[in-house]
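The end of the sequence shown is residue 221 by the working numbering, with every number in the run present. Taking it in order: structure first as structure tokens, then the write-up.
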Amino acid sequence: MTDPRAGTASTDTGAAVTGWSNTRAHLASVERRGALKPNRPLMERILVSACLAGLPVRYDGSAKTLASVLLQTWHDEGRLVVVCPEVAAGFGTPRRPAEIQLRRNGRDVLDGTASIRDNDGADVTALFLDGARHALQQALAHGCRYALLADGSPSCGSSFIYDGTFSRVAHDASGVTAALLERHGISVFAPDRIDELAALIDNNR
17 MTDPRAGTAS TDTGAAVTGW SNTRAHLASV ERRGALKPNR PLMERILVSA
67 CLAGLPVRYD GSAKTLASVL LQTWHDEGRL VVVCPEVAAG FGTPRRPAEI
117 QLRRNGRDVL DGTASIRDND GADVTALFLD GARHALQQAL AHGCRYALLA
167 DGSPSCGSSF IYDGTFSRVA HDASGVTAAL LERHGISVFA PDRIDELAAL
217 IDNNR
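Okay, here's the thing in structure tokens:
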């Protein structure tokens with residue numbers, strides 16, 4: 017079976033590509049400026065999928081850039097904590113597509129009653145769990161109460177994922193990272209719910 021980690025070198029997930037800087041240093045400087053402004057209220061930090069932020073880290077080597085004024089504003093304010101669970105776990109980019117098997121969901125994977133396999137049959141469950149734990153660690157370290165994650169992914173999907181047949185059949189379920197975040201009280205939003213997320217953040221200012 018193919019090594020699930022095979023592929024090109026992992027992409028830096030510290031900053032966005034399209035229209036944003038490619039360096040971790042730039043994002044860090046934005047965060048420092050936000051933190052050091054006098055009398056600035058504590059900002060709500062948001063965990064966001066790296067592919068939505070424009071990084072080409074999806075299984076096929078593409079991005080899934082979310083063209084949103086809100087997302088750009090949050091970036092400029094230093095609110096975003098950018099993460100790709102799969103790259104963090106050691107997968108290469110590009111890599112084989114993977115799906116949670118037998119129409120199960122991320123909660124089942126966390127409970128040990130479901131597995132994730134790639135389209136060559138390799139069991140990649142442990143790597144996906146590692147990626148989910150990394151995302152949770154990042155969220156907790158930055159005090160994130162909300163996450164904006166790419167839908168459909170076996171990691172990040174929150175309203176739908178694919179059924180394990182690799183035939184593009186979707187079903188209502190969440191991926192393993194989304195499920196782990198939710199178990200720890202972090203609310204997960206798909207891109208089509210970004211306005212709802214923005215309203216929550218505004219109400220909590």
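Positions of the beta carbon are idealized from the N, C-alpha and C atoms, including for glycine.
Under the three-state reduction of DSSP output, residue 111 falls in the coil class, being neither helix nor strand. In the DSSP assignment, residue 125 falls within the unbroken alpha helix (DSSP H) covering 122 to 126.
Each residue's CA atom was taken as its position, placing residue 96 and residue 61 some 6 Å apart.
Of the candidates 134, 198, 163 and 82, 134 places its Cα closest to the Cα of residue 170. Taking each of 127, 131 and 94 in turn and checking the Cα distance to residue 181, the smallest one comes out for 131. Around residue 148, the same chain offers 101, 171, 192, 193 and 196 as residues with beta carbons nearer than 7 Å, after the five sequence neighbours per side are excluded. In this structure, residue 165 sits away from residue 84, with a CB-CB distance that is not shorter than 8 Å.
Going by beta carbons, residue 178 and residue 203 fall outside the 8 Å limit.
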